[in-house]
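Structure first, commentary second.
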Amino acid sequence: MAKIIPFRAIRPVADKVHLVATRSYVSYSRPNLYRKLHENPYTFIHVINPEFSMGLKAKRGAARFKLVRNKFRDFCERGILRHDETPSFYIYRQIQPKDSFTGLICGISVDDYLNGTIKVHEQTLTRREKLFQKYLDVCNFNAEPVLLTYPDDSGVNEAIELSLQQRPLYDFSTTDHLRHQLWAVDDPKVIDYITSQFTHHESIYIADGHHRSASSALLGKVRRKLNPGYSGQEMFNYIMACLIPESQLSIYDFNRVVKDLNGLTPEAFIERLKADFEVIRQKEMYQPERLHEMSMYLKGKWYALRLRETPDANSVTASLDSQILSEKVLRPLLGIEDLKTDARIEFVSGKVGMDGLAIFADKKKMEVAFGLFPVTTQQLKAVSDAGEIMPPKTTWIEPKLRSGLTIMSLDD
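Counting from 146, one number per residue, gives the positions in the sequence shown under the numbering used here.
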């Protein structure tokens, strides 16, 4: 059963929330990052990148983490951030031009992560786990929720819908055409009800944020060793998360663009593909319509690739189109062994569509692009339940959550 808890969020004051909350730090290009820092003294990026306002050269490791911690304290002391007095759940709604998402921000249990109640589908790097664990340990706060999904629950939905009838704490829009709303749920009866509903769920699934989850769990283990008399109520035993029902999770394709054909001519490459795929020339842009069907953009022309043989039924991962592309094309024909490190391959979110994929390939002068059929939520769960791992960059998942909207103190 899944354990969730309310917490006392540190969050922006209402008149500055639109200035403070930000996209994830890593989503900004360097020019846009510096422009944001220069133009907005309240953006939470100043906390994550404190050297900018201090005129310091970028530091590394613990020295940098201490600067982050100090800048966070500065934001609190200057009244940019406030600390709620009452433990609460927080309902976050993100409204996009064509979609909307409503999630529950809460604490999820480190024990649930360690015992497998919280399911994963992505391999994490030990080096990154340890680095972010040290960051959390020094800074002592978590500013961006991990995104998880759970089977639709009518009881949870009803409790959330009733809470949405109240006036939100925040209601603001951002320049990326998103509207953000936040409500606090501090009624003990409602909190108890929602908490009890989640005990009926045997598993919940990480959608986005595997490294942050792993690092938070590692921090919990480290602090437990340092505090052998821990009660289990300390905040280092929890991970800040946003839980959204499966029906609201949006999974887009994550497509591949390759710089060259590994010495093959386009004609020879197509002939090699025919061993495993039907290769069908298209008159115009082509979007895959079903599983095991891919689009290919090669030398300004579109093709449909249809897999000839059904993949191994004994492995969930083997049936993923991203895995099939790697096994049948990227590795044997194009010589790409490691998707994480090979500079010849890049990845493009399916949100830009096949037209956007072609534009990216042309602009970057890449030889070939592959469009995939999106992974379903059921496939994601099946991989997680089987204890298997998806290939890197298999899913582009929405919503993307904001940093600095709700912050969990690890010292509360």
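Yeah, the Cβ is synthetic: ideal placement off N, Cα and C, and Gly gets one too.
Please read these numbers as outputs of a predicted model, since none were measured by experiment.
Looking only at its own chain, which residues have a Cβ that is under 8 Å from the Cβ of LEU182, when we skip the five neighbours before and after it?
Closer than 8 Å at the Cβ level, and outside the excluded window around LEU182, lie THR188, ILE190, HIS191, ASN194, PHE197, SER198.
Flag this pair as yes or no: are the beta carbons of ASP257 and ALA147 separated by less than 7 Å?
Cβ distance < 7 Å, so ASP257 and ALA147 count as in contact.
Ignoring anything shorter than 4 residues, give me the alpha helix (DSSP H) runs that lie fully in the region 486-523, in order along the chain.
If we require 4 residues or more, the alpha helix (DSSP H) runs fully inside the region 486-523 come out as 498-508.
Under a three-way DSSP split, which group does GLY248 fall into?
Strand at GLY248.
Measuring straight from C-alpha to C-alpha, what distance separates SER169 and THR344?
Roughly 31 Å separates the two Cα atoms.
Run through the DSSP bridge pairs and tell me what THR294 is partnered with.
Beta-bridge pairing links THR294 to TYR350, ILE389.
Where does the unbroken beta strand (DSSP E) through PRO157 begin, and where does it stop?
PRO157 -> beta strand (DSSP E) spans 155-157.
Using the three-state DSSP reduction, which class does ILE305 fall into: helix, strand or coil?
Helix at ILE305.
Give me whichever residues DSSP pairs with ALA449 in a beta bridge.
For ALA449, which the question treats as bridged, DSSP gives the partners ILE425, SER440.
Quick one: what does DSSP say SER278 is sitting in, helix, strand or coil?
Checking the sequence, you will find Gln at residue 278 rather than Ser. Helix, per DSSP.
Taking one C-beta from the region 321-341 and one from the region 277-295 each time, how about it: are there three or more such pairs within less than 8 Å?
As far as the Cβ criterion goes, the region 321-341 does not touch the region 277-295, which means the pair count is below three.
List the endpoints of the continuous alpha helix (DSSP H) containing ARG369.
355-371 is the span of the alpha helix (DSSP H), which, as asked, contains ARG369.
Measure the alpha-carbon distance for TYR383 versus ALA413 and round it to whole angstroms.
Straight-line Cα distance between these residues: approximately 54 Å.
Does DSSP classify HIS322 as helix, strand or coil?
Note: HIS322 maps to coil in three-state DSSP.
Mind checking who MET553 pairs with in its DSSP beta bridge?
DSSP, once it has assigned bridges, lists ASN287 as partnering MET553.
Between the C-alpha atoms of ALA166 and ARG547, what's the straight-line distance to the nearest angstrom?
Taking the straight line joining both Cα atoms gives about 6 Å.
From GLN326 to GLN239, what distance separates their C-alpha atoms?
Cα to Cα, GLN326 sits roughly 7 Å from GLN239.
Who pairs with ASP405 in a beta bridge, going by DSSP?
According to DSSP, ASP405 bridges with nothing at all.
How far does the alpha helix (DSSP H) with ILE240 in it reach, from first residue to last?
Where ILE240 is concerned, there is no enclosing alpha helix (DSSP H), although the beta strand (DSSP E) it sits in stretches over 234-240.
Using beta-carbon positions only, say whether GLU423 and HIS355 come within less than 7 Å of one another.
No.
Report yes if the CB atom of ALA352 is closer than 7 Å to the CB atom of ILE542, and no otherwise.
Yes, the Cβ-Cβ distance between ALA352 and ILE542 is below 7 Å.
Less than 7 Å between the C-beta atoms of MET553 and MET385, yes or no?
Closer than 7 Å, so yes.
State the beta-bridge partners of ASN400 as determined by DSSP.
Looking at the DSSP assignment, ASN400 forms a beta bridge with VAL493.
Can you have a look at LYS508 and say buried or exposed, based on whether 16 or more other CB atoms are within 10 angstroms of its CB?
Burial call: exposed.
Can you give me the start and stop residues for the beta strand (DSSP E) that GLU543 sits inside?
Counting along the chain, the beta strand (DSSP E) containing GLU543 begins and ends at 540-543.
Could you name the residues of the same chain whose beta carbon sits closer than 7 Å to that of PHE505, not counting the 5 residues immediately before and after it, in chain order?
The residues are VAL402, VAL493.
Roughly how many whole angstroms lie between the Cα atoms of THR294 and LEU555?
Cα-Cα distance, rounded: 23 Å.
Out of LEU452, PHE399, ILE155, ASP398, state which residue places its alpha-carbon closest to the alpha-carbon of ALA420.
Of LEU452, PHE399, ILE155, ASP398, the residue nearest in Cα terms is LEU452.
Should ASN372 go down as buried or exposed, given a rule of 16 or more other Cβ atoms within 10 Å for buried?
Classification for ASN372: exposed.
Can you tell me whether LYS419 is helix, strand or coil according to DSSP?
Reduced to three states, the DSSP call for LYS419 is coil.
Please give the ranges of any alpha helix (DSSP H) in the region 460-486, keeping only runs that are unbroken, at least 4 residues long and fully inside the region.
The region 460-486 contains these whole alpha helix (DSSP H) runs: 466-470.
Would you mind giving the Cβ-Cβ distance between LEU226 and ILE155, rounded to the nearest angstrom? I have them listed as a contact below 8 Å.
The Cβ separation is near 5 Å, so the contact holds.
Could you spell out the range, first to last residue, of the beta strand (DSSP E) harbouring ARG227?
From DSSP, the beta strand (DSSP E) with ARG227 extends over 226-228.
Can you give the Cα-Cα distance for ASP160 and LEU249, rounded to whole angstroms?
Answer to the nearest angstrom: the Cα atoms are 23 Å apart.
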